[in-house]
Structure formats: structure tokens, C-alpha cells
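To start, the structure itself, in C-alpha cells.
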Amino acid sequence: MEKAWYKVWPKDVPRHFIFEDKVLENYVEEHARTNPDDTAVYFYGKTITYGELAEMYMQLAAQLHARGVGKGDTVALYMENSPQFIMAFLAVQRLGAIAVPMNPMFKRAELSHLLGDAEPKAIFIQESLLEHLCPILPEFPGLRIISTALTDFAPDHPEFPMSFGPVERTISRLPGEERILELIHFDDPIPPANACLDDTAVLQYTSGTTGMPKGAELTHRNIVANAFSFRDGVRTKPRDRHLAAMPLFHVIGLINCMGSPLCNGGAMMLFHRFVPDVVLEAIHKLKIQHWVSTATMNIAVINHPNAANYDLSSLSGCLSGGAPVPRPIFERFYEVTRTRLLEGYGLSETTAQITMNFMENARIGSAGIPLMDADVRVVAIDDPTVEVPPGQQGELTFKGPMVMKGYWKNPQATADAFVDGWFLSGDLGHVDEDGYVYISGRKKELIKSSGFSVFPNEVESIMHKHTAIKEVCVVGVAHDYRGEEVKAYVVLKDEAVGKVTEQDIVEWAKEHMAVYKYPRKVEFLNELPKTGSGKLLRRVLYERANQIQKT
Numbered sequence: 049m050e051k052a053w054y055k056v057w058p059k060d061v062p063r064h065f066i067f068e069d070k071v072l073e074n075y076v077e078e079h080a081r082t083n084p085d086d087t088a089v090y091f092y093g094k095t096i097t098y099g100e101l102a103e104m105y106m107q108l109a110a111q112l113h114a115r116g117v118g119k120g121d122t123v124a125l126y127m128e129n130s131p132q133f134i135m136a137f138l139a140v141q142r143l144g145a146i147a148v149p150m151n152p153m154f155k156r157a158e159l160s161h162l163l164g165d166a167e168p169k170a171i172f173i174q175e176s177l178l179e180h181l182c183p184i185l186p187e188f189p190g191l192r193i194i195s196t197a198l199t200d201f202a203p204d205h206p207e208f209p210m211s212f213g214p215v216e217r218t219i220s221r222l223p224g225e226e227r228i229l230e231l232i233h234f235d236d237p238i239p240p241a242n243a244c245l246d247d248t249a250v251l252q253y254t255s256g257t258t259g260m261p262k263g264a265e266l267t268h269r270n271i272v273a274n275a276f277s278f279r280d281g282v283r284t285k286p287r288d289r290h291l292a293a294m295p296l297f298h299v300i301g302l303i304n305c306m307g308s309p310l311c312n313g314g315a316m317m318l319f320h321r322f323v324p325d326v327v328l329e330a331i332h333k334l335k336i337q338h339w340v341s342t343a344t345m346n347i348a349v350i351n352h353p354n355a356a357n358y359d360l361s362s363l364s365g366c367l368s369g370g371a372p373v374p375r376p377i378f379e380r381f382y383e384v385t386r387t388r389l390l391e392g393y394g395l396s397e398t399t400a401q402i403t404m405n406f407m408e409n410a411r412i413g414s415a416g417i418p419l420m421d422a423d424v425r426v427v428a429i430d431d432p433t434v435e436v437p438p439g440q441q442g443e444l445t446f447k448g449p450m451v452m453k454g455y456w457k458n459p460q461a462t463a464d465a466f467v468d469g470w471f472l473s474g475d476l477g478h479v480d481e482d483g484y485v486y487i488s489g490r491k492k493e494l495i496k497s498s499g500f501s502v503f504p505n506e507v508e509s510i511m512h513k514h515t516a517i518k519e520v521c522v523v524g525v526a527h528d529y530r531g532e533e534v535k536a537y538v539v540l541k542d543e544a545v546g547k548v549t550e551q552d553i554v555e556w557a558k559e560h561m562a563v564y565k566y567p568r569k570v571e572f573l574n575e576l577p578k579t580g581s582g583k584l585l586r587r588v589l590y591e592r593a594n595q596i597q598k599t
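At the far end of the sequence shown sits residue 599, using our numbering, and the numbering has no gaps.
Below is the structure:
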């Protein structure tokens, strides 16, 4: 039976993807051979061509191979955004080894868990992060350390303000420690290991908001499928310029900001981190065409006091993920950039987006339709074997070439995550008659108030219509009579601070939504807690609210 979303599928976008026997690194090598002088990476004014990138990562791969790293071994990448991250990732791919991107904000305990679980043979590490590794090194004898400084590949005269600079190293050189700069200037490259598409390429650790992070095994097929889905969905072309300000350790940054441009011969305009002033200036000066962002980044840009001073008309494809985007932000984004913001949905386990809106048929409020060869169905919240009809709320489940192989060394978690081959996302929502997906919230975040189901994202979407609210997060708080009641954590716009009270927000909400749904408690914060990739840490606020309630 034909999929419902084929009725709205763009005519110039293929419905299916024919895989070649190539992994990401093979595509980069091919671009280096055919267009060696094309820009692969731009970093604050320093340009690295495809030919130069290939030469460096192949030399790095040869050095890793000489040190015992081979097919199926794991290699950790504990770095912020930099050209070195890209070189290390591609070197690992060339060996058929498994890359383990690690959040550079992780400290000792988190680092110890990930290294213990992934068991890497080597770690690429930023010098400024060595202080977190040193205390736990005795736990990991034999771990090869390859260090780098962010300034190693930075220009002497940057074209944009850099959010980093030379850092005086406080830790003496460790026994056996080597530096990337020392490893990329000699040795003939080795041939690729001929990794298979279904081999594990990446261990993408989940955010761990409900427990210790699990390693999602992403295959080469997963990466290539999503890289080309993004290309076709956003209509990117070779040599297009892609803004890469998302963290590359995060699956969105890894796939959309790095994997897709490199697969397709595009140019990564790489920045160390997201800084609104720098992003606006970069789009203006570099004429960037594609930008992958989060709702948090979008808000920062559209609320920037000088946004109107920049020419953002070069933007043609902007994808937002990580959290639903309220309608007022969509509308304001278009006013500022003159291009539509395309919303998508995905998880670490689906190798970034598995649904997205296309330019010609985007629906505000929806996460779009399934991508090439992907499938979605909605099942009953209390029984994942029962499919529910269009329009009815349930848990979203997915199939497709973007869905992970399973969880690393965790067969029970893998078994729990799949039912009859369908991946249980843990997210609630519904699908309409045309196959568009709408997200209501996490299954574990559903609020039960007076017997009614309250979806946090729905309440937040309504509250974003209040002219004083900049950001909002809604959680459930234990209540003796109602079971749970709704509490909202609110960040006010600067001009509203001191003029709008918590009670003003409560009264406004009471007028705009059902009695069981409106927040009866409001607390103002200066900022909402977020992960390093800008994803809201709702669990932190849930625990805070319920701890306050207990006391």
C-alpha cells in the first residue's frame, strides 16, 4: 500500500535511495581526487581543501594503524569543534574502526563511564581537557593519547572573533602522549579497510537524562542514508556553504553539519561554538546557504538587537531540530532571514532526523514526513503492538535505514527498544491523514492532571504566544488531589523583566487553555538548563520542581 505521505512528496526528490558500496570516507577521498582544490573546511579564515584534508587524515590513519588500531576497534574523540575533529573522524573511518564522539563538557565521572563502556584503544583529546582525563588514566592502561590544541589549525589573523585563544598548558606531557601535529607530516597513507555499510561506524552516546548514557551503534549505512536524505530534503549542491556551529560530538552536528557536506562535496563553514554575533556576521560575509540549528539558536538570532543590520538572504535551507519550534518563532525567523525554517525530528538512535518538512509543503507545528525509505506508525501508549489510527495520540515508532543497529554491549536495552522491528522512540505524538508527524512530548514527561493527559510541548506552544515570554519549560509537579499539576519555568524577554509577575503569567494562561492544562505555578529563571548541544534538560527542572514541592 502506498504511504500516505507520498501524496505530498516533492516531485524532484527520490523516494528511495540506492546505496553504493561506499562509506563517508570513500566519498571524501573521491572529492579529493576529482576536485582537490575545492574548500572542504573553513575555520575562522583558514581554508582546508579536499586535497589537503585527505592528505592529513590519511597520514593520521597510517599512524593510528601503526599503533595497533584496526577494523572494529573504538577510538574516542574528546574535542570541541575544530578541523582536528574532522581529521580524526575520517582517519578512524578509513581504518574501519569505530568513532566515539564525547561531549567535551563531560567531567571525570561521565568520562570514566564512557571510556569504560566503549573501551577505546586511543583517544583524541583537546589539551584543555586533559585535566579531566589524568585522574582516571590508571583505570585505562594502554590507552593511547593523541592531543591537540584548538589553535593548532586556527589562522594567525582570524576573520571572525574566535571564542578561544592560546591556553597555557597546566599539565606536563603525559608518558606516551603524542600530538596530532606530529603525526600528519610523514608516512605513506594506507589503503582503506573496506568497511561494509552495515558495520558499526559510530557509538553515539545518548544524553543520559534518565540514566547513564547508552551507546547507540550507528552504521555506515545509517550515516550515508541521512547525509543524502539531508541533501535531497534541503536541496544542497556541491560547493554549497554549510554553517557548522552545532557541536560535532552531537548527532545533528556530526551528520548534518559534517557528514552531509563532506558526502556531497560541500564546504563546512566551521566555528568552535555557536555565538549569535559571529553566526550573523558569518552568514552575511560568507554568503552561507545552509544552516542546521536548534530552537534555542533560532531564538538567539531572531532576538538579536542588530539582526536587521545583516544580509541573510543567501540562506536557502535551514533545518531546526532538538525541540519543537513555536509558531511565533517560525514567523519571526522568516521576517529576519526571508527563508523558511524547516522543522525535523530525530534522535541519536535514528542518526539525527528521520522526518522533516520539505520547502514546498512545510506545515508549521509539524516535524514533517518520513525521509527516504523510512516509515512511521503510532502505537498505543500502554501496548506497542497495537497501532492507532491517524489523529490519535500514541507513541511514535520508526523503521528505516537511519535507525541504529542497537545499543553497544546492551542486548537487553536493545530488545526493549524494538517491537517487531519497529524502534520505540519514547516520544508521544500523532500522524495526520497525509503522514505528517506531530510531537507532543516524551512518554516519560506526560503530565497526568485530574485524569487528563497534558502534553508539555502543547502548553509551551501556547505560552510562547505571550509577548513577554522568551523561553518556557513545563513540567508536572506531584499534587495530592490532582495527581499532578502543571508548573512553568519561564525566561522573560529583557524588556519584560521587572514589569511582568509570575501571577500575571498564571492569569494569562488560565484564560488561554483548559482548566486542567494551564500552569498553576510559574517560576522565573534567568536561563533554562540545556545540554551542550542546546537541548532542554527538562528532567533537571522536573526534579527541581518536585524537590521544592516535597520541602
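Positions of the beta carbon are idealized from the N, C-alpha and C atoms, including for glycine.
So what does DSSP say about Glu-519, is it helix, strand or coil?
Within the sequence shown, numbered from 1, the residue matching residue 519 stands at position 471. Three-state result, Glu-519: strand.
Given this structure, state the Cα-to-Cα distance separating Phe-322 from Met-49, to the nearest angstrom.
The residue labelled residue 322 in the question sits at position 274 within the sequence shown. The residue labelled residue 49 in the question sits at position 1 within the sequence shown. Approximately 44 Å, taken between the alpha carbons.
Would Ala-202 and Tyr-92 qualify as a contact pair, given that the criterion is a beta-carbon distance under 8 Å?
On the sequence shown, residue 202 is found 154 positions in, with the first residue counted as 1. On the sequence shown, residue 92 is found 44 positions in, with the first residue counted as 1. For Ala-202 and Tyr-92, yes; Cβs fall inside 8 Å.
Return the first residue and the last residue of the alpha helix (DSSP H) that Leu-72 is part of.
The residue labelled residue 72 in the question sits at position 24 within the sequence shown. Residues 72-82.
Are Ile-303 and Ile-271 closer than 8 Å when you measure CB to CB?
As a working note, residue 303 is residue 255 in the sequence shown. As a working note, residue 271 is residue 223 in the sequence shown. Yes, Cβ-Cβ distance for Ile-303 and Ile-271 is below 8 Å.
Suppose contacts are defined by Cβ-Cβ distances below 8 Å. Is Tyr-358 in contact with Ile-377 by that definition?
Locating residue 358 in the sequence shown gives position 310, where the first residue counts as 1. Locating residue 377 in the sequence shown gives position 329, where the first residue counts as 1. Not in contact: Tyr-358 and Ile-377 (Cβ atoms no closer than 8 Å).
Since Ser-364 and Thr-387 should fall inside the 8 Å C-beta cutoff, what is the C-beta to C-beta distance between them, to a whole number of angstroms?
Along the sequence shown, one-based indexing puts residue 364 at 316. Along the sequence shown, one-based indexing puts residue 387 at 339. Yes, Ser-364 and Thr-387 are in contact; Cβ-Cβ is about 6 Å, under 8 Å.
Taking the alpha-carbon positions, what's the His-64 to Met-420 distance?
Numbered from its first residue, the sequence shown carries residue 64 at position 16. Numbered from its first residue, the sequence shown carries residue 420 at position 372. Rounded to whole angstroms, His-64 to Met-420 spans 5 Å at the Cα level.
Note down, one range per segment and in chain order, each alpha helix (DSSP H) of at least 4 residues found wholly within the stretch 478-557.
Correct list: 504-511.
For Leu-291, which residues of its own chain have a beta-carbon under 6 Å away from its beta-carbon, when the five flanking residues on both sides are left out?
Here residue 291 corresponds to residue number 243 of the sequence shown, with the count starting at 1. Within the same chain, Leu-291 has close Cβ partners Met-317, Ile-336 and Trp-339.
DSSP three-state label for Thr-344, please.
As a first step, residue 344 is located in the sequence shown; it is residue number 296 there, counting from the start. If DSSP states are grouped into helix, strand and coil, Thr-344 belongs with the helices.
Does DSSP put Gln-440 in a helix, in a strand, or in coil?
Locating residue 440 in the sequence shown gives position 392, counting from the first residue. Of the three classes helix, strand and coil, the one that applies to Gln-440 here is coil, per DSSP.
DSSP three-state call for His-298: helix, strand or coil?
In the sequence shown, the residue the question calls residue 298 occupies position 250. Of the three classes helix, strand and coil, the one that applies to His-298 here is coil, per DSSP.
By alpha-carbon positions, which one of Asp-200, Leu-108, Ser-160 and Asp-165 ends up nearest to Asp-236?
Position 188 of the sequence shown, counted from the first residue, corresponds to residue 236. If we check each option's Cα against that of Asp-236, Leu-108 comes out closest.
Which residues in the same chain have their Cβ closer than 6 Å to the Cβ of Glu-508, if we skip the five residues on either side of it in sequence?
Locating residue 508 in the sequence shown gives position 460, counting from the first residue. Correct list, in chain order: Val-520 and Val-522.
Could you give the first and the last residue of the continuous alpha helix (DSSP H) run that contains Gly-137?
If you number the sequence shown from 1, residue 137 lands on position 89. One detail in the question is off: residue 137 reads as Phe in this sequence, not Gly. Here the alpha helix (DSSP H) through Phe-137 covers 131-142.
Measuring straight from C-alpha to C-alpha, what distance separates Glu-397 and Thr-254?
Here the question's residue 397 lines up with position 349 in the sequence shown. Here the question's residue 254 lines up with position 206 in the sequence shown. Roughly 8 Å between the two C-alpha positions.
For Arg-411, tell me which candidate among Gly-116, Thr-403, Tyr-484 and Asn-354 has the shortest Cα-Cα distance.
Residue 411 sits at position 363 when you count from the first residue of the sequence shown. Of the candidates Gly-116, Thr-403, Tyr-484 and Asn-354, the one whose C-alpha sits nearest the C-alpha of Arg-411 is Tyr-484.
Pick helix, strand or coil for Val-427, following the three-state DSSP scheme.
Here residue 427 refers to the residue found at position 379 when the sequence shown is read from its first residue. In the structure shown, Val-427 sits in a strand (DSSP, three-state: E or B).
Does the ligand ADP have a heavy atom nearer than 7 Å to the CB of Ala-343?
In terms of ligand content, the structure shown is empty, and the ligand ADP therefore cannot be addressed.
Just to confirm, are Glu-391 and Ser-414 a CB contact at a threshold of 8 Å?
Working through the sequence shown from its first residue, we reach residue 391 at position 343. Working through the sequence shown from its first residue, we reach residue 414 at position 366. The answer is yes: Cβ separation under 8 Å.
Is Asn-574 buried or exposed, if buried means 16 or more other CB atoms sit within 10 Å of its CB?
By one-based count along the sequence shown, residue 574 stands at place 526. So Asn-574 counts as exposed.
Does DSSP put Gly-307 in a helix, in a strand, or in coil?
Position 259 of the sequence shown, counting from 1, holds the residue named residue 307. Looking at Gly-307 - three-state DSSP - the assignment turns out to be helix.
DSSP state of Thr-196, grouped into three classes?
Reading the sequence shown from its first residue, position 148 is the one you call residue 196. Strand, per DSSP.
Whose C-alpha, out of Leu-231, Asp-165 and Pro-214, is nearest the C-alpha of Phe-172?
Indexing the sequence shown from 1 puts residue 172 at position 124. The residue with the shortest Cα to Cα distance from Phe-172 is Leu-231.
So, helix, strand or coil for Thr-445, using DSSP?
Against the sequence shown, residue 445 aligns to sequence position 397. If DSSP states are grouped into helix, strand and coil, Thr-445 belongs with the strands.
Which value, in whole angstroms, describes the spacing of the CA atoms of Leu-251 and Leu-584?
For this step, residue 251 is matched to residue 203 along the sequence shown. For this step, residue 584 is matched to residue 536 along the sequence shown. Rounded to the nearest angstrom, the two C-alpha atoms are 22 Å apart.
Please determine, among Phe-297, Gly-477 and Trp-456, the residue with the shortest C-alpha to C-alpha distance to Phe-446.
On the sequence shown, residue 446 is found 398 positions in, with the first residue counted as 1. Answer by Cα proximity: Gly-477.
Verify whether the separation of the beta carbon atoms of Ala-124 and Pro-152 is less than 8 Å.
Sequence index remark: in the sequence shown, residue 124 carries index 76 (1-based). Sequence index remark: in the sequence shown, residue 152 carries index 104 (1-based). Against a cut-off of 8 Å, the Cβ pair of Pro-152 and Ala-124 comes out as no contact.
How long is the line joining the alpha carbons of Pro-286 and Ile-134, rounded to whole angstroms?
As a position in the sequence shown, residue 286 is number 238, starting the count at 1. As a position in the sequence shown, residue 134 is number 86, starting the count at 1. Whole-angstrom Cα-Cα distance: 18 Å.
Have a look at Pro-62 and Asn-405 and give me their C-alpha separation to the nearest angstrom.
Translated into positions along the sequence shown, residue 62 becomes position 14. Translated into positions along the sequence shown, residue 405 becomes position 357. In a straight line, the C-alpha of Pro-62 is about 15 Å away from that of Asn-405.
Mind reading off the beta-carbon distance from Ser-498 to Tyr-564? Whole number of angstroms is fine, and I expect it under 8 Å.
Residue numbering aside, residue 498 sits at position 450 when the sequence shown is read from its first letter. Residue numbering aside, residue 564 sits at position 516 when the sequence shown is read from its first letter. Contact flag correct, Cβ pair sits at about 5 Å.
Quick one: Cα of Leu-494 to Cα of Val-436, how far?
Residue numbering aside, residue 494 sits at position 446 when the sequence shown is read from its first letter. Residue numbering aside, residue 436 sits at position 388 when the sequence shown is read from its first letter. Each residue's Cα considered, the two are about 18 Å apart.
Please check the pair Asp-86 and Thr-95, which I expect to be a contact at CB under 8 Å, by giving their CB distance rounded to whole angstroms.
Taking the sequence shown and counting its residues from 1, one reaches residue 86 at position 38. Taking the sequence shown and counting its residues from 1, one reaches residue 95 at position 47. That pair is no contact at about 10 Å.
Just to confirm, is the Cβ distance from Tyr-566 to Val-538 under 8 Å?
The sequence position of residue 566 within the sequence shown is 518, counting from 1. The sequence position of residue 538 within the sequence shown is 490, counting from 1. Their beta carbons are not under 8 Å apart, which means Tyr-566 does not touch Val-538 by this criterion.
Who are the near neighbours of Arg-375 in its chain, counting only those whose CB is closer than 6 Å to its CB and skipping five residues on each side?
On the sequence shown, position 327 is the one that residue 375 refers to. Excluding sequence neighbours, Arg-375 sits near Ile-412.
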